[in-house]
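Enquirer: Structure incoming, see below.
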Amino acid sequence: MAAEYDGIYPGEGFDEDEATNAALCANYTVFCPDFFTMSNSAYLVYIIVRLILFSFILFLSSIIPRDFLKTFTLYLFIPLFCGELCRVAVEFLYYFKHFDMPEEAAGKMLLAEAVLDKIHVVFATFVYYAFLGASIIVYWGLFKAFLNPESFERCKIGIMFNVVACVPVVIVILMFLPWGGVFVDIRTYVKYVSPIVLGIIMIPCYLRTVFHLSWQKTMLDSKIDDRLIIRRAKSRLIWFTIYMTIQNLINIPEFIEAIMYLCVYTSKDLKDDVGFLNIFSQVTLWASISDEARPISLFFCTLFLVPVYRSAILFCRSKPELNFSPVVDLTEYRR
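Shown next, in the form of structure tokens:
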């Protein structure tokens, strides 16, 4: 599935065998200018820039106040950062493979490269399923905070988020442990049915939110409240709806890919249908592109569409203005 795709693979586009690759930098010690072709240099810059972008989100998270959307963001960007760090390490190992070295050292380097690459794939897969599951809970929580703040207090959104946060871990375990027998089928169905089910759940949540925002235009924001998720709940929900619109559009190719893969997996006739397989290959390509684009889109959506992050970067402040005012107990006003 496209969720396991880890982008442009290190060294992609090279036709030389390993011996030729090793000889490429045989005359150099540390810096090998022959390695830095246009494609290699562009790829290295690309992954380093991604790492810097993810680091920037983590930095902003460290200076903004505690927030429900901050928890959701860290839930996605910590594994994104770790996965990208592994990706950079794989590229550096690939670079040093081009120098002369003992056979034993080369073997260890190949093993390390394979392990780090697999770790990156695991993190990328985790983020994919984590977003699909956790975004539904976050979206629902913001909707409840907007529609009925008191019912939001009773819905235990934090507990629900923690429970759903465990689901991607189970999916990753099922996908990457060396199962055999009937577990192979279970792994396949979990891998492809999960995004379909989560996508179907998201559709009514999204449409209901858009409907309420469209028909309750006169409903004002609660600008003063000691609960950050309640304060300006309407504007936060509007921004997050735009956020989810972009992410849902990016997820469409993988949603279609999952459906088509299950059709091929369960139907013998479709496995021999050349026309269907050609369409499926194109959908898989677009799903792979979506996978590569998702982390970047998450970065920009978080930076500009999540209010606490937008405030932190645009107004150069680490905390909302309310935090600098005296603490006022608003409990009696909620009764």
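When we follow the UniProt record's numbering, the leftmost residue of the sequence shown carries the number 1, and every step to the right adds one.
A virtual CB, placed ideally from N, CA and C, is assigned to each residue, including glycine.
If we define contact as Cβ-Cβ less than 9 Å, is valine 169 a contact residue for chain C?
Expert: Here chain C cannot be found, since the structure has a single protein chain.
Enquirer: Could you check how far apart the C-beta atoms of isoleucine 250 and serine 290 are, in whole angstroms? I think they sit under 8 Å.
Expert: 5 Å
Enquirer: For alanine 112, which residues in the same chain have their Cβ closer than 7 Å to its Cβ, ignoring the five residues on either side in sequence?
Expert: Leu93
Enquirer: Please report how far the alpha carbon of phenylalanine 211 lies from the alpha carbon of lysine 70, in whole angstroms.
Expert: The alpha-carbon atoms of phenylalanine 211 and lysine 70 are separated by roughly 26 Å.
Enquirer: Rounding to the nearest angstrom, what Cα-Cα distance links tryptophan 286 and proline 178 in this structure?
Expert: 28 Å
Enquirer: Can you give the Cα-Cα distance for isoleucine 200 and serine 194, rounded to whole angstroms?
Expert: 10 Å
Enquirer: Whole angstroms is fine: what's the gap from isoleucine 157's alpha carbon to histidine 98's?
Expert: 52 Å
Enquirer: Considering only C-alpha positions, which residue in the set Leu53, Val163, Ser135 is nearest to leucine 303?
Expert: Leu53
Enquirer: Distance, Cα to Cα, proline 295 vs proline 33?
Expert: Each residue's alpha carbon lies about 30 Å from the other.
Enquirer: Would you kindly work out how many angstroms separate the C-alpha atoms of leucine 198 and leucine 298, rounded to a whole number?
Expert: 18 Å
Enquirer: Whose CA, out of Tyr43, Met244, Trp215, Leu80, lies closest to the CA of leucine 305?
Expert: Met244
Enquirer: Could you please give the first and the last residue of the uninterrupted alpha helix (DSSP H) stretch that includes glycine 199?
Expert: 182-215
Enquirer: Could you give the C-beta distance for threonine 209 and leucine 237, rounded to a whole number, given that I count them as a contact under 8 Å?
Expert: 7 Å
Enquirer: What residue from Val88, Arg187, Tyr309, Ala105 has the CA that sits closest to leucine 262's CA?
Expert: Arg187
Enquirer: By alpha-carbon positions, which one of Phe31, Phe72, Leu85, Thr73 ends up nearest to valine 49?
Expert: Leu85
Enquirer: Where do the ends of the alpha helix (DSSP H) carrying serine 39 lie?
Expert: 38-63
Enquirer: Within 8 Å, do at least three Cβ pairs link the segment 137-149 to the segment 100-107?
Expert: no
Enquirer: Could you tell me the alpha carbon to alpha carbon distance between leucine 76 and cysteine 166, rounded to whole angstroms?
Expert: The alpha-carbon of leucine 76 is positioned some 13 Å away from that of cysteine 166.
Enquirer: Sort Ile279, Ala233, Met38, Asp272 by Cα distance to isoleucine 259 and report the nearest one.
Expert: It is Ile279 whose Cα lies nearest to the Cα of isoleucine 259.
Enquirer: By DSSP, does arginine 232 sit in helix, in strand, or in coil?
Expert: coil
Enquirer: Quick check: arginine 87 and isoleucine 47, are their CB atoms within less than 9 Å of each other?
Expert: yes
Enquirer: In whole angstroms, what separates the C-alpha of isoleucine 171 from that of aspartate 273?
Expert: 30 Å
Enquirer: Would you mind giving the Cβ-Cβ distance between phenylalanine 146 and alanine 89, rounded to the nearest angstrom? I have them listed as a contact below 8 Å.
Expert: Contact doesn't hold; Cβ gap of about 43 Å is too wide.
Enquirer: How many angstroms separate the CA atom of leucine 220 from the CA atom of asparagine 248?
Expert: For leucine 220, the predicted model reports a pLDDT of 49, less than 50, meaning its position is unreliable; a value from the coordinates is still stated below. Roughly 27 Å between the two C-alpha positions.
Enquirer: Buried or exposed: where does aspartate 185 fall if 16 or more other Cβ atoms within 10 Å of its Cβ makes it buried?
Expert: exposed
Enquirer: Between the alpha carbons of cysteine 301 and asparagine 40, how many angstroms are there, rounded?
Expert: Annotation: cysteine 301 to asparagine 40 spans about 28 Å, alpha carbon to alpha carbon.
Enquirer: Given arginine 227, which residues of its chain have a CB within under 6 Å of its CB, disregarding the five upstream and five downstream residues?
Expert: Here the model assigns arginine 227 a pLDDT of 49, short of 50, so the residue's position is not dependable and the matter cannot be decided.
Enquirer: Check whether the Cβ atoms of residue 337 and tryptophan 239 sit closer than 9 Å, and answer yes or no.
Expert: Since the first residue of the chain shown is 1 and the last is 335, residue 337 is not available in this structure.
Enquirer: In chain order, what residues of the same chain have a beta carbon less than 8 Å from the beta carbon of tyrosine 265, not counting five sequence neighbours either side?
Expert: Thr188, Tyr192
Enquirer: State buried or exposed for phenylalanine 143, treating a residue as buried only when at least 16 other CB atoms are found within 10 Å of its CB.
Expert: buried
Enquirer: Excluding sequence positions up to five away, which residues of its chain have a Cβ less than 7 Å from the Cβ of threonine 241?
Expert: Thr209, Val210, Leu213
Enquirer: How about leucine 44 and phenylalanine 31: do their beta carbons lie closer than 9 Å?
Expert: no
Enquirer: Indicate whether glycine 141 and valine 164 have their beta-carbon atoms separated by less than 9 Å.
Expert: No. Outside cutoff.
Enquirer: What span of residues does the alpha helix (DSSP H) with histidine 120 cover, start to end?
Expert: Its alpha helix (DSSP H) spans residues 103-147.
Enquirer: Between which residues of its own chain and phenylalanine 161 is the CB-CB distance below 6 Å, once the five residues before and five after are set aside?
Expert: Ile137
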